[in-house]
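Okay, structure first, notes after.
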Amino acid sequence: MVILNCKYGERGSGFRPKGEVQDFVKIRDRCLQSGTLFEDPEFPAEDSSIYYSRRCPGSMEWLRPSELCDQPRLFVEGATRFDVVQGELGDCWLLAAVANLTLNDSLFYRVVPNDQSFVSDYAGVFHFRFWQYGRWVDIVVDDRLPTCGGRLVFMHSKHHNEFWSALLEKAYAKLHGSYEALKGGTACEAMEDFTGGVTEVYELDKAPSNFYRILHKAFERWSLMSCSIEPDPNILEMELPNGLIRGHAYSITKVKLVEVQTPRVRGKIPLLRIRNPWGNECEWRGAWSDRSPEWTLISPEEKEALGLRFDADGEFWISYKDFMENFQRVEICNLNPDSLDDEPLTKKSKKKWEMSMFEGSWIKNCTAGGCRNFIDSFWMNPQFRIVLEDVDDDDDDDLCTVIVALMQKNRRCKRKMGQECLTIGFAIYALKNPDRLPKPLPKVFFQHNASVARSNTFINLREVSCRFKLPQGTYCIIPSSFDPGEEGDFVLRVFTEKRNNMTEYDEDIGLTQPDAEVQIQETEEEKSKDQEVKDFFASIAGEDLEVDCYELQEILDFALKKEFTFDGFSLDVCRSMVAMMDVDRSGKLGLEEFKHLWTDIRTWKNVFKQYDIDHSGSLNTIELRAALHSAGYRLNFHVLRALVLRYGKKGKINFDDFIMCAVKLKTMIETFQERDPRKTLMATFTLDEWVEKTMYS
1 MVILNCKYGE RGSGFRPKGE VQDFVKIRDR CLQSGTLFED PEFPAEDSSI
51 YYSRRCPGSM EWLRPSELCD QPRLFVEGAT RFDVVQGELG DCWLLAAVAN
101 LTLNDSLFYR VVPNDQSFVS DYAGVFHFRF WQYGRWVDIV VDDRLPTCGG
151 RLVFMHSKHH NEFWSALLEK AYAKLHGSYE ALKGGTACEA MEDFTGGVTE
201 VYELDKAPSN FYRILHKAFE RWSLMSCSIE PDPNILEMEL PNGLIRGHAY
251 SITKVKLVEV QTPRVRGKIP LLRIRNPWGN ECEWRGAWSD RSPEWTLISP
301 EEKEALGLRF DADGEFWISY KDFMENFQRV EICNLNPDSL DDEPLTKKSK
351 KKWEMSMFEG SWIKNCTAGG CRNFIDSFWM NPQFRIVLED VDDDDDDDLC
401 TVIVALMQKN RRCKRKMGQE CLTIGFAIYA LKNPDRLPKP LPKVFFQHNA
451 SVARSNTFIN LREVSCRFKL PQGTYCIIPS SFDPGEEGDF VLRVFTEKRN
501 NMTEYDEDIG LTQPDAEVQI QETEEEKSKD QEVKDFFASI AGEDLEVDCY
551 ELQEILDFAL KKEFTFDGFS LDVCRSMVAM MDVDRSGKLG LEEFKHLWTD
601 IRTWKNVFKQ YDIDHSGSLN TIELRAALHS AGYRLNFHVL RALVLRYGKK
651 GKINFDDFIM CAVKLKTMIE TFQERDPRKT LMATFTLDEW VEKTMYS
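Position 527 of the sequence shown, counting from 1, maps to 527 under the numbering used here, and the rest follow consecutively.
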């Protein structure tokens with residue numbers, strides 16, 4: 001799997017630019033040469049960039065930092081959590097994530113590149129990077145910010161001349177279409193956009209029995225971890241007698257088994273190092289706190305290895321037992337391996353998660369089958385196979401850790417169009433004899449097999465994630481919305497401790513023999529019809545016995561309007577048929593070429609009749625895959641999606657379009673196979689050849 005870095009609006013970024021693709025360096029150089037300051041046409045200084053549901057107050061004004069203070073700076077004394085102050089927007093979830101981001105320099109400077117400033121090469125343009133559904137997207141913004149009375153309206157720093165946090169919020173707002181689109185969310189969502197990770201949330205009163213091991217392995221894999229105590233509804237960030245603060249987010253900075261030695265006993269005790277982002281004397285006052293007597297039980301060498309310090313810096317140690325009794329929630333952001341590429345070599349000894357990622361779509365009447373409650377359509381959802389070959393290190397039960405995360409794409413930026421998050425979830429099925437099972441799994445499989453794991457619930461969040469311990473083996477993951485027919489795009493990610501082998505569980509594209517029941521039966525009636533069509537061909541073709549697309553249209557209408565109620569074949573279909581059989585590129589079909597075409601058409605019409613049960617002259621697109629399968633086509637859900645979008649009309653596909661679909665598929669597959677005689681699934685075309693073949697077909 002390759003993780004891409006994209007510019008805003010670049011192909012693959014998931015965004016459509018109004019103008020040219022925005023490249024920070026090119027924009028900055030152009031502005032420096034012209035002596036102008038950048039004004040972003042993609043995110044203009046207008047009301048629509050702030051609110052999509054209402055008008056802005058009349059007193060709102062867009063100003064540059066140089067108009068707000070004398071010496072604007074991107075950073076003042078570095079980036080800290082104190083640089084993040086909430087404004088008039090209800091995006092505290094974003095602020096919490098930004099504050100956590102400041103605790104890890106390598107992650108922070110990936111999001112906030114350090115190649116920009118208000119001092120050197122300033123041109124009114126800045127850029128920020130966010131992870132979006134498998135790609136790091138570079139977002140360019142100008143530095144005009146919403147103000148009221150000469151003050152920033154939204155996120156800002158405690159320093160009046162520091163602007164990195166305000167510009168970061170603007171770039172994130174641009175990513176989602178407006179500032180208003182940022183109202184309401186979870187810190188987990190933003191942390192994933194800043195790291196590319198997968199977030200888990202644990203309520204400690206319901207934590208699994210092996211939770212310390214989960215924490216320890218998360219620490220080994222660079223996971224960002226935070227913990228908190230539920231707030232007092234009447235007091236903001238109330239300090240408890242033990243020194244901990246309610247309603248306050250702490251960072252977990254180390255998880256360690258520490259060697260303890262007393263005159264009577266010797267062993268290891270699980271400890272956690274916690275950091276209060278305030279960085280002051282507000283620390284834990286219980287056992288293993290700064291200068292507590294428990295520290296006399298460990299050796300000087302152990303203290304040195306821990307880097308033990310007793311400063312009033314907000315960082316303290318606490319035993320795992322006291323941690324579980326005093327804290328109530330833990331959030332773990334498991335980092336994408338790609339997020340760690342920039343870590344220094346001295347830290348490479350830490351472990352990384354293994355990750356697989358696939359993108360997919362739920363398309364109405366095609367791949368949007370709904371949850372397991374809807375057994376008739378559930379099998380239509382995209383399916384993904386994963387093979388777990390190796391168990392976790394030091395796992396007493398010989399099991400494999402699997403974190404599955406299902407994320408729906410681009411829902412926040414579609415709020416202004418009335419689209420909220422779908423209710424989503426997933427189920428996991430064990431495949432006992434995977435080589436003997438059909439691909440994809442059919443309805444009958446789910447009628448006789450129960451899931452071995454599934455998401456805790458179906459919920460309308462951007463992402464649903466869950467951790468499992470599974471035996472070695474082969475599994476199929478089915479992501480779905482709760483109800484059938486709900487459309488959306490998604491990303492499915494799987495994190496494992498050891499290597500996993502994940503693929504789309506679907507057929508390989510190709511051609512086979514049509515089913516026996518749809519092949520031509522040479523009855524006397526069929527022979528008579530066949531001869532009648534050939535005679536009509538001869539009368540139309542003339543002395544050269546060749547027909548063009550116009551003449552072919554006449555022949556096929558003569559042959560098939562007697563059997564089907566439709567308006568006749570379009571010229572587009574007939575042109576494609578000529579192209580499919582026209583080996584010598586004459587633009588016409590000879591008699592032998594027509595005979596081969598007519599054989600295919602007779603098979604395709606038999607397929608259509610078999611699946612047009614109500615004789616309506618159209619097929620339900622739900623049955624399109626089965627119909628094409630009967631005709632000898634093997635397709636995956638990506639191709640099926642393209643066919644439904646291209647040829648389906650309100651969930652139906654008529655006879656004319658079905659034949660066009662069959663013609664196009666056969667042409668493209670055979671064209672590819674001609675260039676791939678060794679069946680390597682690789683073919684080479686020059687640009688001339690590719691354009692000529694695709695345009696003619």
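Built from N, CA and C at the ideal position, the CB exists for glycine as well.
- With a cutoff of 7 Å on beta-carbon distance, M580 and V663 are scored as near each other.
- For Y475, DSSP records a beta bridge to I386 and A430.
- Between L511 and K666, the alpha-carbon positions lie close to 8 Å from each other.
- Around the beta-carbon of T457, fewer than 16 other beta-carbon atoms lie within 10 Å, marking it exposed.
- The three-state secondary structure of T199, taken from DSSP, is strand.
- For A405, the three-state secondary structure derived from DSSP is strand.
- In this structure, the beta-carbon distance from R411 to H176 does not fall below 7 Å.
- Along the length of the segment 305 to 380, whole beta strand (DSSP E) runs at least 3 residues long occupy 315 to 319, 329 to 334 and 354 to 362, reported in chain order.
- Taking every protein chain shown into account, the CB of C476 has 16 or more other CB atoms within 10 angstroms, so this residue is buried.
- In the DSSP assignment, L257 falls within the unbroken beta strand (DSSP E) covering A249 to Q261.
- Per DSSP, Q116 lies in no beta strand (DSSP E) segment and is marked neither H nor E.
- In this structure L168 is not in contact with G87, their Cβ atoms being roughly 13 Å apart against a cut-off of 8 Å.
- It is roughly 13 Å from the alpha-carbon of E497 to the alpha-carbon of F219.
- In the DSSP annotation of this structure, the continuous segment of the beta strand (DSSP E) that includes M502 starts and ends at N500 to E504.
- Here the alpha carbon of E692 sits roughly 10 Å from the alpha carbon of F685.
- With a cutoff of 7 Å on beta-carbon distance, S13 and V137 are scored as near each other.
- Counting along the chain, E463 sits inside the beta strand (DSSP E) bounded by residues E463 to L470.
- Distance from the Cα of S630 is smallest, within the candidate group H216, L101 and A516, for A516.
- Here the segment 221 to 233 does not lie against the segment 279 to 290, with fewer than 3 beta-carbon pairs under 8 Å apart.
- If you draw a straight line from the Cα of G587 to the Cα of D548, it comes to about 6 Å.
- Separation of D535 and T565 (C-alpha to C-alpha, rounded to the nearest whole angstrom) is 23 Å.
- If you ignore the 5 residues before and after D121, its C-beta comes within less than 7 Å of the C-beta of R28 and L32, all in its own chain and listed in chain order.
- Going by DSSP, H638 is part of the alpha helix (DSSP H) stretching over F637 to Y647.
- A direct Cα-Cα distance of roughly 15 Å separates L635 from L645.
- The three-state reading of DSSP puts S53 in coil, since its state is none of H, G, I, E or B.
- A buried status is given to H156, since no fewer than 16 other beta-carbon atoms sit within 10 Å of its beta-carbon.
- Distance from the CA of V607 to the CA of E522, rounded to the nearest whole angstrom, comes to 16 Å.
- Considered as a whole, the segment 487 to 547 harbours 488 to 496 and 500 to 504 as its complete beta strand (DSSP E) runs of no fewer than 3 residues, in chain order.
- When secondary structure is reduced to three states using DSSP, I613 falls in the coil class, being assigned neither helix nor strand.
- When secondary structure is reduced to three states using DSSP, V21 falls in the coil class, being assigned neither helix nor strand.
- Around the beta carbon of K158, a 10 Å sphere encloses fewer than 16 other beta carbons of the protein chains shown; the residue is thus reported as exposed.
- As DSSP reads the structure, Y633 sits in a beta bridge with L511.
- No Cβ-Cβ contact shorter than 7 Å links N161 with R64.
- At the C-beta level, G197 and N336 come within 7 Å of one another.
- Residue pairing of S226 in beta bridges, as defined by DSSP: S251 and E331.
- Annotation for R135: no alpha helix (DSSP H) segment contains it, though the beta strand (DSSP E) segment containing it runs R135 to D142.
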